Amino acid sequence: MALRIFDKRFAAVSIDGTFKREYLFRAADKFGLGYDNDVFSFQTLFFQEGGEMKDLTILVPIFNEEKSIDLFLRSTGPVLEGLNLTYKYLFVDDGSTDGTLQILKTRAKDNPAINYISLSRNFGKESALLCGIKKSDTKAIIPMDIDLQDPPDLI
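One gets the numbering used here by counting positions in the sequence shown from 1 and adding 593 to each.
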């Protein structure tokens, strides 16, 4: 069984290549994920090929966010450190024209959990997310907006 959850209201669950709505709830039970009336109560997850979640990527698409990076790291770091798993950040800089890339480079030197990809120009949030999903090598990915509209406590 493969479970792919793209946001709190849309998920794809495949059993033998077939996608059916009822598989969603069986899969959520299997992975120990909570749900409530067709709307999942957990943070956005993207499960890659099966297995237990022991490693995690926080995927953060960013564009001209030099002032938000440190607050985001201070807000999410303690939550992630409290989890019983290995985690890393993957920032996808979507062609920023401010100091975003330089700050990412500096933070990545100081913290091995911080990784980044720099796109040559602004391709848009969806393309940045897709790039991060394709480059991630962990069992689970949680896409998050850097403005903290997704509360870190829900990780």
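From the three backbone atoms N, C-alpha and C, an ideal C-beta is built for every residue, glycine too.
Keep in mind it's a predicted model, so treat the numbers as computed, not measured.
Under a 10 Å Cβ-count criterion, L664 is classified as exposed, with fewer than 16 other Cβ atoms of the shown protein chains found around its own Cβ. With a contact defined as Cβ atoms closer than 8 Å, T650 and I734 qualify at about 5 Å. Fully contained in the stretch 674-735 are the following alpha helix (DSSP H) runs of length 4 or more, in chain order: 693-703, 718-728. When C-beta atoms of the stretch 722-738 are compared with those of the stretch 689-699, fewer than three pairs fall below 8 Å, so the two segments do not count as touching. About 5 Å separates the CB atoms of I748 and V672; that is less than 8 Å, so the two are in contact.
DSSP places D738 in the coil class of the three-state scheme, outside both helix and strand.
Collapsing the DSSP output to three states places I662 in a helix. Assignment of beta-bridge partners to L652 by DSSP yields L683, P736. Here the alpha carbon of Q742 sits roughly 12 Å from the alpha carbon of S668.
Look at D743 here: in three-state DSSP terms it is coil, with no helix or strand label. By the C-beta density criterion, P744 is exposed, having fewer than 16 other C-beta atoms within 10 angstroms.
Under a 10 Å Cβ-count criterion, T731 is classified as buried, with 16 or more other Cβ atoms of the shown protein chains found around its own Cβ.
L652 and Y680 have their C-alpha atoms some 11 Å from each other.
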